[in-house]
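Those sequence lines, one after another, are chains A and B.
The first sequence runs 271 to 492 under the working numbering.
The second sequence runs 271 to 492 under the working numbering.
Quick notes on the structure that follows.
There are 2 protein chains.
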Amino acid sequence: MPQTSAPRKTLGRPPRISREEVVTTARRIVDAEGVHRLTMRRLATEIGSTPMALYHHVRNKEELLVLLLDDYATRTLQRPELPAQPRERVIATAATIHEALAACPWIVEVLTADDLMATSALWFVEQIVDGLIECGLPSERAVHGYRAIWYYTAGEIVVRATAARRRTDDTRPTYREQVFTDLDPTELPRLAQVADHWSSLTTEDTYLDGLRALVDGLLGPR
Amino acid sequence: MPQTSAPRKTLGRPPRISREEVVTTARRIVDAEGVHRLTMRRLATEIGSTPMALYHHVRNKEELLVLLLDDYATRTLQRPELPAQPRERVIATAATIHEALAACPWIVEVLTADDLMATSALWFVEQIVDGLIECGLPSERAVHGYRAIWYYTAGEIVVRATAARRRTDDTRPTYREQVFTDLDPTELPRLAQVADHWSSLTTEDTYLDGLRALVDGLLGPR
DNA sequence: ACCTGAACACCGTTCAAGT
DNA sequence: ACCTGAACACCGTTCAAGT
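Okay, structure coming up:
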């Protein structure tokens, strides 16, 4: 919660820059050039100020990143029309979160946070937990189910994002390709068998398939 | 594969440090003080040399980290006794990988790699793919299944590791706790209902439950 | 209250030269 | 072939002082 709109209690030098301006400018840098280009110094010059001025509006860089995540979630997480059937509601909600995150790869570095806990994301968590409960899970199992879905979703994003990063800034064959070409088929027969299609198989987007499997497993008879 | 044991082809100044020594020393630093303390300069002084000497044995820091991961996998990924039943074999293999990674939180920053593709980890991938095939999946579905399991596993590790990091270097209440105390029960009834137990529920280790659900869902009738 | 300048204590990596 | 010294082009953050 930014305090920018709070009335000024005491007199003093009028602020030249605001927390909001800091976040907005940071967002512009990140969108244009990636998180790794966001530095306090760069941000300061972009904003026409000095590094230290930023520390009056933001505790440190870590906090700035969290604010950035929040800002992103607030702007882009649109609540979708949800199906009536609770199982499908769980799927659709998770898929929406996944889509928002996938569109924003830089987020990974921040988001590997405890939980997807931007206030604006809570509604999504609610939908998933509620859907699982309506499908018959006791509330503790529903929370655990939500966690499992979150692990799976975050994992997919992180793994894919890093794979993409490796691909762009590295021209030589990946370590994986190297490994797969000289596979011993007597020791690792299955891998040798699929070696040729491995990279095409792993490039396919199977997030939804895995999600459906996970939800089926969470709800299925045990 | 280190080239340290290759016979020297041409004459020249005899090497004072080896790639192996670089990796071993790096490992010691990381084990003792965490990845964030591993810098090329630090490593150089620790090894009794200069930063630039390292670049004769390692392409750059990125490569050093990959070597470190490989080294870790080779030393600690012990092949377990596996159950005969294929479904249980998949579970047991994934659990072993998970355990090795969980014991080594620094690995997250590296491991968010394309795949868990250290050569020594391939045997584990083989077991999972093979188990899924023996349970009746066609080989492409088995590879996708492996990917889903990997996403789930990597996600669990990443999320938990970051949560732990936040907890240690931050004394004030987490953002999450803050959010959960002022939940609106009319807007988010389910979350309000479980708010009190949320943190205990999310601290529980439910990796295995989620894994079982996922594997059930991957194999179950659809 | 808010901002500035200078400084502290670092980074990864390159270049040119030495042995 | 291997190593060194000095330098480049940066970091995040603190401190003391200014308005």
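Don't be surprised by glycine CBs; every beta carbon is placed ideally from N, CA and C.
Here's the rule: buried if 16 or more other CB atoms are within 10 angstroms of the residue's CB, otherwise exposed. What is residue i?
i, result
"B:T473", "exposed"
"B:D486", "buried"
"B:P355", "Note that residue 355 of chain B is Gln in the sequence shown, not Pro. Result: exposed."
"A:L484", "buried"
"B:R460", "buried"
"A:D508", "A question about residue 508 of chain A goes unanswered here, because the residues of chain A that appear run from 271 up to 492."
"A:G406", "exposed"
"A:D454", "exposed"
"B:R482", "buried"
"A:P284", "exposed"
"B:D340", "buried"
"A:A424", "buried"
Residue i lies in the alpha helix (DSSP H); which residues open and close that run?
i, result
"B:V292", "R289 to E303"
"B:W376", "Where B:W376 is concerned, there is no enclosing alpha helix (DSSP H), given that its DSSP letter is neither H nor E."
"A:D479", "Y477 to L489"
"A:A252", "The structure shown has nothing for residue 252 of chain A, since chain A only spans 271 to 492."
"B:G401", "L392 to E404"
"B:T472", "W468 to T473"
Figure out for me which residue from the options has the closest Cα to the Cα of residue i.
i, options, result
"B:R286", "B:L324, B:E369, B:A365 and B:M310", "B:L324"
"B:A433", "A:I317, A:L338 and A:V380", "A:V380"
"A:V293", "A:H306, A:H327, A:P284 and A:R460", "A:H327"
"B:A418", "B:V360, B:A314 and B:E351", "B:V360"
"B:A365", "B:L488, B:E333 and B:Y477", "B:Y477"
"B:A494", "B:R329, B:Y422 and B:S390", "The shown model of chain B, from 271 to 492, leaves out residue 494 of chain B, and the question about it has no answer."
"B:A412", "B:E447, B:R482, B:V395 and B:E303", "B:V395"
"B:V378", "B:R307, B:A431, B:A370 and B:E358", "B:A431"
"A:V399", "A:L371, A:V429, A:Y422 and A:R357", "A:R357"
"A:I317", "A:E303, A:A296, A:V464 and A:A302", "A:A296"
Could you check the C-alpha separation between residue i and residue j for me, to the nearest Å?
i, j, result
"A:V300", "A:R349", "25 Å"
"A:W376", "A:G415", "26 Å"
"A:A373", "B:T320", "42 Å"
"A:L402", "A:E410", "10 Å"
"B:I427", "B:H368", "8 Å"
"A:F450", "B:E290", "24 Å"
"A:L488", "B:D475", "16 Å"
"A:L347", "A:P408", "28 Å"
"B:A362", "A:L458", "18 Å"
"B:R298", "B:A370", "18 Å"
"B:V429", "B:S288", "36 Å"
"B:V464", "A:Y422", "22 Å"
"B:E404", "B:R307", "45 Å"
Compute the minimum distance between the beta carbon of residue i and the heavy atoms of the ligand PLP, and state whether it is under 6 Å.
i, result
"B:I427", "No copy of the ligand PLP occurs in the structure displayed, which carries no ligand at all."
| Whole runs of the alpha helix (DSSP H) within the segment 313-349 of chain B, excluding any shorter than 4 residues | 321-324 and 331-346
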